[in-house]
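> Dropping a structure here in structure tokens format, bear with me for questions.
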Amino acid sequence: MKHFLWRTLFIAVVFFCCGCGRGDFGVQGSEEEPKTYAGQSGEEVWQSVDTAMGTVVQQTVYASEEAAKRFFEEAGQLLQETEQEELSWRLETSQVYQINASAGRKEGFRITEEMASLLEACVELHERSQGAFDVTLGPLTRLWKIDQWAAGGEEDVFSIPSGEEVEQALALCGSDRLRILRTDAGEPCLFLPEGMLLDLGAVGKGLAQARLYPLLEKEADIMGAVISLGGSILTYGRKADGSNWKVGIVNPFDTSSNVGILSLEGNWCVSTSGDYERYVETDGVRYHHILDPETGCPAMGEVRGVTILTKDGLLGDGLSTACFILGPDQGMKLAAEYGAEVLFVMSDGEIRMSEGMRTCFMETL
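Take the sequence shown: its letter number 24 is residue 23 in numbering that gives the first Met the number 0, and every next letter is one higher.
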């Protein structure tokens, strides 16, 4: 029997407004204007809930009304442009779509400096993770039809590919085969082997996190903010009462609860990958969206969830995927190389974490 589950889960963000009663926050894009709640400090708290990049985006800012509205509008536009102009493999307007269409061209494809920097960072992580992180798995994600069944499609959408099909798709993958060269004018040009397809879904939310920080910083009236993009969360500044941000880590065995809470001060990025986010269960086997570049199949290790804590959202997003596949021993070493903290939830319920993560982790009762 097959069970199709699509969960746009985000790490629970616990925030408190001093002196405020509970109530409904306004929703960005609705006909009703957002409501504000003033804490004891006099700061206003605004929240926006919307969808972008295929996930729920929840934003809470401590700011004036004008600053909050400007930020929500600019953030929405930024997320839309990031998806439509750069990351989407479906939209003809995006660089990834155009790059994939250029696969096999001898002359390559001109890319922006931003895309070049992004791909160079991804290739470096591929190398340092011994191939566990790979942005060229497009042939495999299409083969497994992950986007179709993850979006709640019909039961007959999902089928297990044959070993021969997986091997053929794997032969088209490999970030070490990407080549970025410079033209005589100094412009970056990407050479993608024939049949290869980029899929930047594993770093999309992290890239968005990195780009949201400058928007927050330019608004002098924004004292603090916490933003959730699916399984990725950023904190910025401070709350009105000066207390720490509280970010809950989802319990893979019961996604309505947390295994613990991170108590964070200032600017941080939290990224999580787990086998409970998008998956199909058939004949007692769970097939999830995190593919192992070595086998070409959903990773079947002993890890249920990985949370990365870092100052760099792009890095954290990529590391959460790589560490999920590598497991705790190698994953701990990789995170340490990048100066990131990591927490693993194992299939037997054990929680393993780096020493730095332990300093801000609080168990839930």
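All C-beta atoms, glycine included, are put in the ideal place defined by N, C-alpha and C.
Count the C-beta pairs between the segment 128-140 and the segment 321-331 that are closer than 8 Å, then say yes if the count reaches three, no if not.
yes
> Considering Asp316, what are the terminal residues of the alpha helix (DSSP H) in which it resides?
On the sequence shown, residue 316 is found 317 positions in, with the first residue counted as 1. That run of the alpha helix (DSSP H) goes 312-325.
> Would you identify the three-state DSSP class for Ser116, choosing helix, strand or coil?
As a first step, residue 116 must be located in the sequence shown, where it is residue number 117. Residue state, collapsed to three classes: helix.
> Roughly how many whole angstroms lie between the Cα atoms of Glu166 and Ile145?
Position 167 of the sequence shown holds residue 166. Position 146 of the sequence shown holds residue 145. If you draw a straight line from the Cα of Glu166 to the Cα of Ile145, it comes to about 17 Å.
> Can you list, in chain order, the residues of its chain with a C-beta nearer than 6 Å to that of Gly20? Leave out the 5 residues immediately preceding and following it.
Start at 1 with the first residue of the sequence shown, and residue 20 comes out as number 21. Interpretation of Gly20 is limited by its pLDDT of 27, a score under 50 that renders its predicted location unreliable; the figure taken from the coordinates is listed afterwards. Closer than 6 Å at the Cβ level, and outside the excluded window around Gly20, lies no residue.
> So which of Gly338, Cys121, Phe360 has the shortest CA-CA distance to Ile248?
Translated into the one-based positions of the sequence shown, residue 248 becomes position 249. Ile248 has its Cα closest to that of Phe360, out of Gly338, Cys121, Phe360.
> What did DSSP end up calling Cys121 once you bin it into helix, strand or coil?
Sequence index remark: in the sequence shown, residue 121 carries index 122 (1-based). Correct three-state label for Cys121: helix.
> If you draw a straight line from the C-alpha of Met331 to the C-alpha of Tyr337, how long is it?
On the sequence shown, position 332 is the one that residue 331 refers to. On the sequence shown, position 338 is the one that residue 337 refers to. Cα-Cα distance, rounded: 10 Å.
> How big is the Cα-Cα spacing for Val341 and Asp183?
Locating residue 341 in the sequence shown gives position 342, counting from the first residue. Locating residue 183 in the sequence shown gives position 184, counting from the first residue. In a straight line, the C-alpha of Val341 is about 42 Å away from that of Asp183.
> Please state whether the Cβ-Cβ distance between Leu228 and Met195 is less than 9 Å.
Numbered from its first residue, the sequence shown carries residue 228 at position 229. Numbered from its first residue, the sequence shown carries residue 195 at position 196. Against a cut-off of 9 Å, the Cβ pair of Met195 and Leu228 comes out as no contact.
> Helix or strand or just coil, what does DSSP make of Lys105?
If you number the sequence shown from 1, residue 105 lands on position 106. Three-state result, Lys105: coil.
> Determine which residues share a DSSP beta bridge with Glu336 and list them.
The sequence position of residue 336 within the sequence shown is 337, counting from 1. For Glu336, DSSP records no beta bridge to any residue.
> What span of residues does the beta strand (DSSP E) with Arg210 cover, start to end?
Working through the sequence shown from its first residue, we reach residue 210 at position 211. From DSSP, Arg210 is part of no beta strand (DSSP E) but of the alpha helix (DSSP H) over 203-217.
> Under 8 Å, with one C-beta from each stretch per pair, do the segment 343-356 and the segment 289-307 reach the 3-pair mark?
yes
> Return the first residue and the last residue of the alpha helix (DSSP H) that Pro138 is part of.
As a first step, residue 138 must be located in the sequence shown, where it is residue number 139. Counting along the chain, the alpha helix (DSSP H) containing Pro138 begins and ends at 137-142.
> Among Val56, Val60, Val55, which has the Cα closest to the Cα of Glu43?
In the sequence shown, counting from the first residue as 1, residue 43 sits at position 44. Taking only the C-alpha atoms, the option nearest Glu43 is Val60.
> Grab me the residues of Gln58's own chain with a C-beta within less than 6 Å of its C-beta, minus the 5 sequence neighbours each way, in chain order.
Residue 58 sits at position 59 when you count from the first residue of the sequence shown. Excluding sequence neighbours, Gln58 sits near Ser47, Ile226.
> Using the Cβ count rule (16 or more neighbours within 10 Å means buried), how would you classify Thr358?
What you label residue 358 is simply residue 359 of the sequence shown in a count that begins at 1. Thr358 should be labelled exposed.
> In three-state terms, what does DSSP make of Arg357?
If you number the sequence shown from 1, residue 357 lands on position 358. Three-state DSSP puts Arg357 in a helix.
> Between Asp274 and Thr306, what straight-line distance do the alpha-carbon atoms span, to the nearest angstrom?
Working through the sequence shown from its first residue, we reach residue 274 at position 275. Working through the sequence shown from its first residue, we reach residue 306 at position 307. Approximately 12 Å, taken between the alpha carbons.
> Could you work out which residue in Arg277, Val269, Glu64, Ala207 is closest to Gln83 when comparing CA atoms only?
In the sequence shown, the residue the question calls residue 83 occupies position 84. The shortest Cα separation from Gln83 among Arg277, Val269, Glu64, Ala207 belongs to Ala207.
> Return the Cβ separation of Gly295 and Leu139 in integer angstroms, given the expectation that the two are a contact with Cβ distance under 8 Å.
Taking the sequence shown and counting its residues from 1, one reaches residue 295 at position 296. Taking the sequence shown and counting its residues from 1, one reaches residue 139 at position 140. Correct: roughly 5 Å between the Cβ atoms.
> Determine, using beta carbons only, whether Ser262 and Gly315 come nearer to each other than 9 Å.
Residue numbering aside, residue 262 sits at position 263 when the sequence shown is read from its first letter. Residue numbering aside, residue 315 sits at position 316 when the sequence shown is read from its first letter. Not in contact: Ser262 and Gly315 (Cβ atoms no closer than 9 Å).
> Please list the terminal residues of the continuous alpha helix (DSSP H) segment that includes Ala100.
Here residue 100 refers to the residue found at position 101 of the sequence shown. Segment 94-100, the alpha helix (DSSP H) holding Ala100.
> For Asp347, which residues in the same chain have their Cβ closer than 6 Å to its Cβ, ignoring the five residues on either side in sequence?
On the sequence shown, residue 347 is found 348 positions in, with the first residue counted as 1. Counting only Cβ-Cβ distances below 6 Å, and skipping sequence neighbours, we find nothing.
> Return the first residue and the last residue of the alpha helix (DSSP H) that Gly75 is part of.
What you label residue 75 is simply residue 76 of the sequence shown in a count that begins at 1. From DSSP, the alpha helix (DSSP H) with Gly75 extends over 64-81.
> Looking at Gly103 and Pro187, is the spacing between their C-beta atoms short of 9 Å?
Within the sequence shown, residue 187 is the residue found at index 188, counting from 1. Within the sequence shown, residue 103 is the residue found at index 104, counting from 1. No. Outside cutoff.
> Helix, strand or coil for Glu85, going by three-state DSSP, please let me know.
On the sequence shown, residue 85 is found 86 positions in, with the first residue counted as 1. Residue state, collapsed to three classes: helix.
> Only counting the same chain, and skipping five residues up and downstream in sequence, which positions put a Cβ closer than 6 Å to that of Phe190?
The residue given as residue 190 occupies position 191 in the sequence shown. Here the set comprises Gly107, Arg178.
> According to the neighbour-count rule (16 or more other Cβ atoms, all chains shown, within 10 Å of its Cβ), is Val284 buried or exposed?
If you number the sequence shown from 1, residue 284 lands on position 285. It counts as exposed.
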